[in-house]
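Read the structure below first, then the notes.
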Amino acid sequence: MKRPVGAEKKRVKRSSGSSSTAARDSGSDAPPRKKGVKKDVFQLFAEKVRDHKGLESRWAVMEQARVEYFRGKDFVSFVKNHPECKEILEEDKDLDTEDIANVLLEKNLLVRCDRVTKTLRPGKKKLSTWPAHLQIFRDDQAFSETDAFFAWTFEKRHPLWQTLLSFFWPVLTLAICLFPVYPHRCKLIVLYSCAGILLMILSLLFVRAVAFGAMWILLGKRVWFFPNILAEEATLKELFRFWPKKDEEEPPKWTSRLFYTVVAVVVVMLLRRHAPDEAARARYQRRMSNIIDDVLEWSPKLALSGLMENQPPVNITETANNSSDAPGPDHTEEADLVDGEEEAEDWTNSDIKT
């Protein structure tokens, strides 16, 4: 028995309407979607603490990777002196310093480290305050103040000036490569600026070494002025710190001081004996000034003119003679044979004469 077409259409409409109603009901029961994922407050706290200059930190090598780490007691004093950093934790801002550090350890934002070398080196009274090599602490990953080190495990955000500097380096490299085509005045400014900076650095290192040697020989003290001037990782303030660190090593023996005194006197006498005379110094100065003048006075125009001058001139008479000596169309093989016989006779006559 055939069903009417109208009833079929009504059934389809009813089913589609019921499905749309069910979808609306299910949509009303489902929770609303979040517009954005909220960042963890402890992650924000860790980033803020790491970027803060109040927490003293160093760089070290841990399992073939460079990490930034700090000491437990420094973290406690930092949180105590900067309570405003805890405001970012919102509901957890009342937690103790130890509890905050343990949460950071649980979230893998920190990892506890330990020294690789735990024995005193010869001549040392105590272990290094900031070891250069670390390893992961094998026991419980819990916070501690006493001789405990903690390394950050997330990547540090690069500031804007570092991003701009990364774009500036290729421009600087291109500018260095184009130095020969600079105007003469620019060449002089660059040359004397670089020479002045280099002379200042070498003079500072020389005076620093002389002061260390004199105090080591006379007083037996190890005093390095500008102690961080050759450091790989240091802030701008630490780099130009003048006053030296406290000497923690044992004083040197008098025999070592006497030996190096004799060596220093011998070196000074040899330098004075074999120093160049006035004529040699003038010759070296003239040679260096000529080299500098060649570099400063070079330009593309001079290079092009030099290439044109080095080309040999074209002699019209020689070209005419060469064209006249060339064999014409009437030149035959018999003529070549006669010329060859004459040359052979000349060679034999010369051999007989010799």
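Each residue of the sequence shown is one higher than the one before, counting from 1 in full-length UniProt numbering. A virtual CB, placed ideally from N, CA and C, is assigned to each residue, including glycine.
State the start and end residues of the unbroken alpha helix (DSSP H) segment that holds CYS177.
What you label residue 177 is simply residue 177 of the sequence shown in a count that begins at 1. Its alpha helix (DSSP H) spans residues 160-177.
To which residues of the same chain is ALA57 closer than 6 Å at the C-beta, ignoring the five residues directly before and after it?
Counted from its first residue, the sequence shown places residue 57 at position 57. Note on residue identity: the sequence assigns Ser, not Ala, to residue 57. Contacts found: GLU68, PHE70.
Start-to-end residues for the beta strand (DSSP E) that takes in TYR182:
Locating residue 182 in the sequence shown gives position 182, where the first residue counts as 1. No beta strand (DSSP E) contains TYR182, which DSSP labels as neither H nor E.
Under a three-way DSSP split, which group does ALA148 fall into?
Working through the sequence shown from its first residue, we reach residue 148 at position 148. In this structure, DSSP gives ALA148 a state outside helix and strand, which the three-state scheme calls coil.
Residue environment, ALA231, which counts as buried when at least 16 other CB atoms sit within 10 Å:
Numbered from 1 along the sequence shown, position 231 holds the residue referred to as residue 231. It counts as exposed.
On the three-state DSSP scale, how would you describe VAL210?
Position 210 of the sequence shown, counted from the start, is the residue given in the question as residue 210. Here VAL210 carries a helix assignment [DSSP, helix/strand/coil].
Confirm the yes/no value for this check: CB of PHE212, any heavy atom of the ligand SAM, distance under 7 Å.
Only the bare structure without any ligand can be found here, which leaves the ligand SAM out of the picture.
Could you tell me the distance, in whole angstroms, from the CA atom of ALA151 to the CA atom of ASP140?
For the purposes of this step, residue 151 is taken as residue 151 along the sequence shown, with counting starting at 1. For the purposes of this step, residue 140 is taken as residue 140 along the sequence shown, with counting starting at 1. Their backbone Cα atoms lie some 15 Å apart in a straight line.
Going by Cα to Cα distance, which pick from LEU109, LYS48, PHE154, LYS118 is closest to ALA142?
Locating residue 142 in the sequence shown gives position 142, counting from the first residue. Of the listed residues, the one whose Cα sits closest to ALA142 is LEU109.
State the Cα-Cα distance for the pair VAL116 and TRP59, rounded to the nearest angstrom.
As a position in the sequence shown, residue 116 is number 116, starting the count at 1. As a position in the sequence shown, residue 59 is number 59, starting the count at 1. Roughly 15 Å separates the two Cα atoms.
CA-to-CA distance, VAL295 to ARG287, given in whole angstroms:
As a position in the sequence shown, residue 287 is number 287, starting the count at 1. As a position in the sequence shown, residue 295 is number 295, starting the count at 1. Between ARG287 and VAL295, the C-alpha separation is close to 13 Å.
Taking only runs of the beta strand (DSSP E) that begin and end inside the segment 56-96, which ones reach a length of at least 3 residues, in chain order?
Taking only runs of at least 3 residues, the beta strand (DSSP E) segments lying wholly in the segment 56-96 are 58-62, 66-71.
Can you say whether HIS187 is buried or exposed, counting buried as having 16 or more other CB atoms within 10 angstroms of its CB?
Here residue 187 corresponds to residue number 187 of the sequence shown, with the count starting at 1. The question names His, but residue 187 is Lys in the sequence shown. Buried.
Could you work out which residue in LEU270, ARG50, ALA279, ILE292 is closest to ARG157 when comparing CA atoms only?
On the sequence shown, residue 157 is found 157 positions in, with the first residue counted as 1. For the residues LEU270, ARG50, ALA279, ILE292, the minimum Cα distance to ARG157 belongs to ARG50.
Through-space distance from LEU89 to ASP96, alpha-carbon basis:
The residue labelled residue 96 in the question sits at position 96 within the sequence shown. The residue labelled residue 89 in the question sits at position 89 within the sequence shown. For ASP96 and LEU89, the distance between alpha carbons rounds to 12 Å.
Looking only at its own chain, which residues have a Cβ that is under 8 Å from the Cβ of ASN102, when we skip the five neighbours before and after it?
Position 102 of the sequence shown, counted from the start, is the residue given in the question as residue 102. Excluding residues within five positions, the ones whose Cβ falls inside 8 Å are ALA142, PHE143.
How many angstroms separate the CA atom of TRP130 from the CA atom of ARG185?
Here residue 130 corresponds to residue number 130 of the sequence shown, with the count starting at 1. Here residue 185 corresponds to residue number 185 of the sequence shown, with the count starting at 1. If you take the alpha carbons of TRP130 and ARG185, they lie about 49 Å apart.
What does the alpha-carbon distance come out to for the pair LEU134 and ASP114?
Position 134 of the sequence shown, counted from the first residue, corresponds to residue 134. Position 114 of the sequence shown, counted from the first residue, corresponds to residue 114. Looking at the two C-alpha atoms, the distance is approximately 6 Å.
When you compare each of GLU63, GLU47, PRO122, GLN64 to LYS86 by their alpha carbons, which one comes out closest?
The residue given as residue 86 occupies position 86 in the sequence shown. LYS86 has its Cα closest to that of GLU47, out of GLU63, GLU47, PRO122, GLN64.
When we look at the beta-carbon of ARG66 and count the other beta-carbons within 10 Å, is it buried (16 or more) or exposed?
To locate residue 66, count along the sequence shown from 1; it is residue 66. That one is exposed.
Could you tell me the boundaries of the alpha helix (DSSP H) in which ILE229 lies?
Looking up residue 229 in the sequence shown gives position 229. ILE229 -> no alpha helix (DSSP H), and no H or E assigned at all.
What is the residue span of the beta strand (DSSP E) that ARG272 lies within?
Numbered from 1 along the sequence shown, position 272 holds the residue referred to as residue 272. No beta strand (DSSP E) contains ARG272, which is instead part of the alpha helix (DSSP H) from 254-273.
Rounded to whole angstroms, what's the CA-CA distance from CYS177 to GLU278? Just pull it up for me.
Within the sequence shown, numbered from 1, the residue matching residue 177 stands at position 177. Within the sequence shown, numbered from 1, the residue matching residue 278 stands at position 278. Their backbone Cα atoms lie some 37 Å apart in a straight line.
Beta-carbon proximity list for GLY220, same chain, < 7 Å, skipping 5 on both sides:
Start at 1 with the first residue of the sequence shown, and residue 220 comes out as number 220. Here the set comprises PRO251, PRO252, ARG257.
Where ALA264 and LEU160 are concerned, what is the direct C-alpha to C-alpha distance, given to the nearest angstrom?
Translated into positions along the sequence shown, residue 264 becomes position 264. Translated into positions along the sequence shown, residue 160 becomes position 160. Taking the straight line from one Cα to the other gives about 49 Å.
So, with DSSP's three-state summary, where would you put VAL116?
What you label residue 116 is simply residue 116 of the sequence shown in a count that begins at 1. Here VAL116 sits in coil by DSSP.
How big is the Cα-Cα spacing for MET269 and PHE259?
Position 269 of the sequence shown holds residue 269. Position 259 of the sequence shown holds residue 259. Between MET269 and PHE259, the C-alpha separation is close to 16 Å.
Roughly how many angstroms separate the alpha carbons of residue 357 and TYR284, rounded to a whole number?
With the chain running from 1 to 354 in the structure shown, residue 357 is simply not present.
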